[in-house]
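The sequence shown lines up with residues 130 to 210 when you count with the numbering used here.
Here is the structure we will look at.
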Amino acid sequence: MAEQAAAKARQLAPVVSGAYRDGVDVEVDGDQVFLVDNDPLAFIKEFGTVDTPAHAILADAARELARYNDRGAFRAQTGLG
130 MAEQAAAKAR QLAPVVSGAY RDGVDVEVDG DQVFLVDNDP LAFIKEFGTV DTPAHAILAD
190 AARELARYND RGAFRAQTGL G
């Protein structure tokens, strides 16, 4: 499911240089699976600023296939743990 969310996020990403789209990845830590973006500017692009609207590709993709964990990070529904 995490890979499906990553694919959805890549589809939603606006493309200028491609770094935001290409930075989308899945990281595994034990029984937790995280949807992340390794673009150094991903935080700004995801959440926006006073002058820049949020794109929220990770949030929108994860909302379809995942839930928040207790640390506020998206955790894919894996059935583990």
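Ideal Cβ positions, reconstructed from N, Cα and C, are used throughout, including at glycine.
D160: not part of any beta strand (DSSP E); DSSP gives it neither H nor E. In the three-state scheme derived from DSSP, where H, G and I count as helix and E and B as strand, D154 is classed as strand. In this structure the stretch 136-155 lies against the stretch 163-183, because at least three pairs of beta carbons, one per stretch, are closer than 8 Å. Setting aside the 5 residues that flank it on each side, T178 has no residue in the same chain whose C-beta is closer than 7 Å to its C-beta. Going by DSSP, L170 is part of no alpha helix (DSSP H) at all; its letter is neither H nor E.
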